[in-house]
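Reviewing the structure listed below.
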Amino acid sequence: MIIANTTINKGQTKKIALSIAKLISGSEIDIPVIVSRGKKDGPVVLLLAGLHGDEINSVDIIGHVLDNGINQVKAGTVISIPIINIFGFINFSREVPDGKDVNRSFPGNKKGSLASQIAYHLTQTIIPHCDYIIDFHTGGKSRYNKPQTRAVLSDANCYELAVAFNAPFTLHSKLIAHSLRETAMKQGKTIIVYEGGEALRFDQAAKTHAIAGIKKVLQYLKMQNFNEKPQPSNILQNRKWLRAPVAGFFHPTVEIGSSIKAKQIVGSISGPIAD
């Protein structure tokens with residue numbers, strides 16, 4: 000396997016610096032890519048995080064994978080990219096400095112905006128090698144997401160990968176224009192997204208579910224055995240936002256992830272001024 004002019008043989012692990020751009024000082028900004036190949040043939044799995052620079056819990060997940068050797072498989076190859084949006088990560092920002100979202104800039108352009116260049120290098124240099132992709136995210140700022148996978152569940156391969164990951168919730172999610180998922184699926188890749196926790200926060204529960212999911216996928220693909228057991232999971236075909244009818248402070252009366260019934264009261268809204 001050759002990635003960015005670096006050869007990785009069976010049984011080897013190599014760290015590749017994928018050059019993206021330079022700072023005004025002339026310093027190179029590289030995306031770290033860690034490639035670990037087993038001694039036997041098998042599928043290629045891409046684990047990536049940090050498309051949005053403020054989603055630090057996703058970065059920590061891949062860091063845990065690398066620190067604990069979970070990427071060291073017997074068969075196949077694991078490509079790990081802990082931080083895609085280096086610029087956003089350094090500045091605690093979802094976007095790159097020009098204000099663009101990397102995950103709305105695919106398949107990218109070599110001479111385009113910074114976000115487009117990052118997307119281009121990922122599309123041209125990394126994705127072609129992959130069979131399966133798991134893209135790790137969190138919820139947005141001040142918005143907590145119960146650990147979940149999102150995928151085009153009408154696609155049999157994506158459905159099977161999401162089920163194998165076995166997050167507490169699996170949601171059907173249509174493709175978004177110019178996203179990594181759309182570009183990867185156009186290239187015939189099987190891809191799911193994992194979301195858990197919120198931006199700029201570490202969340203151990205979301206991290207634990209993610210690590211278990213990675214191990215289950217590697218087991219499912221017969222790349223390594225971690226003795227992970229499946230847990231109860233909810234597969235949802237539809238989802239929607241429930242918006243408050245008035246302004247104020249929301250006080251929930253149910254736990255996130257709880258099952259509720261139609262017309263059940265899930266909380267109350269109060270304001271700082273008594274009317």
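In numbering that gives the first Met the number 0, the protein residues as written are 0 to 274.
For each residue, glycine too, the CB sits at the ideal point set by N, CA and C.
Just so we're clear, the structure is a prediction, and the values are computed from it rather than from any experiment.
request  = Can you give me the start and stop residues for the alpha helix (DSSP H) that Val58 sits inside?
outcome  = 55–66
query = Is Thr169 buried or exposed, if buried means 16 or more other CB atoms sit within 10 Å of its CB?
reply = buried
request  = Spatial neighbours of Leu45 within its chain, please: CB distance less than 6 Å, with the 5 preceding and 5 following residues excluded, ordered by chain position.
outcome  = Ile78, Cys129, Ile132
query = Quick one, are the C-beta atoms of Thr182 and Phe248 less than 9 Å apart?
reply = no
request  = Whole angstroms is fine: what's the gap from Val265's alpha carbon to Lys14's?
outcome  = 48 Å
ask   = Going by other Cβ atoms of all chains shown within 10 Å of its Cβ, with 16 needed for buried, is Val245 buried or exposed?
value = exposed
ask   = What do you reckon, are the CB atoms on Leu22 and Ile30 nearer than 9 Å?
value = no
inquiry  = Going residue by residue through the region 202–265, where are the continuous beta strand (DSSP E) segments of at least 3 residues, counting only ones entirely within it?
reply    = 233–235, 248–251
request  = Count the other C-beta atoms from every protein chain shown that fall within 10 angstroms of the C-beta of Gly87, then say buried if there are 16 or more, exposed otherwise.
outcome  = buried
ask   = In the DSSP assignment, what are the bridge partners of Gly196?
value = Asn144
message = Residues in the same chain with beta-carbon distance under 8 Å from His63, minus the five sequence neighbours each way, listed in chain order, please.
response = Ile69, Lys206, Ile210
key: Endpoints, the beta strand (DSSP E) within which His136 is located   = 131–136
inquiry  = So, with DSSP's three-state summary, where would you put Val95?
reply    = coil
query = Is the beta carbon of Met222 less than 9 Å from the beta carbon of Ala74?
reply = yes
ask   = So, helix, strand or coil for Ile7, using DSSP?
value = coil
task = Express the C-alpha separation of Lys99 and Thr5 in angstroms, rounding to a whole number.
result = 30 Å
query = What three-state label does DSSP hand Lys85 in the structure shown?
reply = Reading the sequence as shown, one finds Ile at residue 85 and not Lys. Helix, per DSSP.
ask   = Is it right to say Phe91 is buried, meaning 16 or more other beta carbons lie within 10 angstroms of its own, or is it exposed?
value = exposed
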